[in-house]
Amino acid sequence: MLNNAKILITGGTGSFGKKFIEAIFNKYNPDKVVILSRDEYKQFMVRQMFEKKLTKKQFSKLRFFIGNVRDRERLYRAFKGIDYVIHAAAMKQVPACEYNPKEAIKTNINGAMNIIDAALDCGVKKVIALSTDKAVNPINLYGGTKLVSDKLFIAANSYKGEKGTVFSVVRYGNVAGSRGSVIPFFQKLIDNGATELPVTDIRMTRFWMTLEKASELVFKALDESKGGETFVFKNESFKITELVKAMLPSGKIKEVGIRTGEKLHERMITSDDSRMTYEYGDYYIIYPDFEWWNFEEYFLPGGKLIEQGWEYNSGDNSEWLDAKDLKKALDEIEIGY
114 MLNNAKILIT GGTGSFGKKF IEAIFNKYNP DKVVILSRDE YKQFMVRQMF EKKLTKKQFS
174 KLRFFIGNVR DRERLYRAFK GIDYVIHAAA MKQVPACEYN PKEAIKTNIN GAMNIIDAAL
234 DCGVKKVIAL STDKAVNPIN LYGGTKLVSD KLFIAANSYK GEKGTVFSVV RYGNVAGSRG
294 SVIPFFQKLI DNGATELPVT DIRMTRFWMT LEKASELVFK ALDESKGGET FVFKNESFKI
354 TELVKAMLPS GKIKEVGIRT GEKLHERMIT SDDSRMTYEY GDYYIIYPDF EWWNFEEYFL
414 PGGKLIEQGW EYNSGDNSEW LDAKDLKKAL DEIEIGY
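Numbering-wise (our numbering), the sequence shown opens with residue 114 and increments by one.
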């Protein structure tokens, strides 16, 4: 699929981007992989990392573009000749978005519009946009902007015309070990000698999602998408208290109170989405509910419509990881700082 292809990743110096680039070269022989991000220091660090990880021939296929998704003109230059775009750039930190709402809108919403226009006008074949559980029934600005972003990418399929660009979305919860998530936060406290870990609410649950599975879901979307789908992997759930036991078995839990904009459970599919959600083995696809969406043309065969009114959230899951399972899983992931 990606052999001899030209691929661009926005926000490519983040936790997902680094893992996905590595996965591309492990699975395929691309013609070119472009990393577009706004931080020159992070690009320098990623360049050094891949000089060691990739062969000389593979490394020669990497391109580093300084740019911002807010900069429409720069995107047009970067997208020229590109086959596939993976859109991972975003303002993701909930407190930062709450305090800087206009900046979050410029990046997460205006940036999405720029990505769409550049992809259409430059003849990109497919765009896969990364979404978040926070876009589902959002209660914070980050979730609100990502909901709008998701809607923009899905609706973009309705006006692609003869250009043929396919737009789809993949939805994740918190990715285990990714930079800025709870695992590296806990690990730093432990490394500094902490004997107790702060938990905002002891009832809290999350899905367990690794960077490897996040990359796998993007490959699946690249392979299967026809336009307008939202892909959601099935994942095990865990209680935050079990994570504490796994990381600091002899430690105590300090309940500090839920933060503004924080949810008790991650919700990936709402009951309202259930009438357009189909199950495919280890993942779900939420199809769009628009007049332009043609079932016969866009539907992926083999799906089973889920029960109406059902929703997918980490608190009601059928598969769970306890402290012992989490301890084993933690040994298999990289923790980003």
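Virtual Cβ for every residue (Gly too), placed ideally from N, Cα, C.
Small disclaimer: the values here were computed from a predicted structure and weren't measured.
Distance CB(residue i)-CB(residue j) smaller than 7 Å
i, j, result
"E349", "L443", "no"
"V369", "T278", "no"
"A248", "G124", "no"
"V357", "I371", "no"
"V282", "A242", "yes"
"F320", "S244", "no"
"L439", "E355", "yes"
"M360", "F298", "no"
"Y425", "F346", "no"
"G286", "M322", "yes"
Neighbour-count burial assignment, residue i, 16 or more Cβ in a 10 Å radius
i, result
"S150", "buried"
"K215", "exposed"
"T168", "exposed"
"K352", "buried"
"Y400", "buried"
"Y255", "buried"
"T308", "exposed"
"W406", "buried"
"K205", "buried"
"R284", "buried"
"K165", "exposed"
"D492", "Since the first residue shown for the chain is 114 and the last is 450, residue 492 is missing from the structure and cannot be characterised."
Distance between residue j and residue i (C-alpha atoms, nearest Å)
i, j, result
"M381", "Y154", "34 Å"
"R185", "M158", "26 Å"
"Y197", "L121", "6 Å"
"A118", "L175", "12 Å"
"V261", "Q421", "25 Å"
"I199", "V331", "8 Å"
"P414", "Q161", "43 Å"
"G374", "S291", "20 Å"
"I148", "S271", "28 Å"
"K264", "N139", "32 Å"
"K376", "M317", "8 Å"
"T383", "F344", "14 Å"
"A289", "I315", "19 Å"
"I446", "S128", "12 Å"
"A232", "F192", "7 Å"
"C235", "G364", "55 Å"
"I398", "S294", "26 Å"
"D336", "M114", "7 Å"
"I134", "I296", "23 Å"
"E329", "N253", "28 Å"
"K131", "D152", "14 Å"
"V207", "Y141", "35 Å"
Span of the alpha helix (DSSP H), counted from its first residue to its last, around residue i
i, result
"E409", "408–411"
"T245", "Note, T245: premise wrong, no alpha helix (DSSP H); beta strand (DSSP E) at 239–245."
"F192", "185–192"
"S150", "Per DSSP, S150 belongs to no alpha helix (DSSP H); it is in the beta strand (DSSP E), 145–150."
"S328", "324–337"
"I460", "Not covered by the structure: residue 460. The range shown for the chain is 114 to 450."
"F138", "128–140"
Start and end residues, beta strand (DSSP E) containing residue i
i, result
"M381", "380–382"
"E211", "Per DSSP, E211 belongs to no beta strand (DSSP E); it is in the alpha helix (DSSP H), 207–212."
"P311", "309–312"
"Y154", "Run containing Y154: none in the beta strand (DSSP E); it sits in the alpha helix (DSSP H), 153–166."
"S281", "279–285"
"S350", "350–352"
"I419", "Element bounds for I419: n/a, residue is neither H nor E."
"L121", "119–123"
"I399", "396–399"
Pick from the options that is closest to residue i, judged by C-alpha positions
i, options, result
"G340", "K166, K238, Q161", "K238"
"V240", "F172, I228, I366", "I228"
"I448", "K205, L335, E325", "E325"
"P251", "D234, H378, E445", "H378"
"I222", "K145, G257, Y141, S387", "G257"
"T126", "W423, R183, F178, I296", "F178"
"N181", "Q171, F172, K170, A203", "A203"
"K219", "R190, P208, K259, Y189", "K259"
"K145", "D230, N287, Q171, T323", "Q171"
"F412", "N430, Y393, W423, Y425", "Y393"
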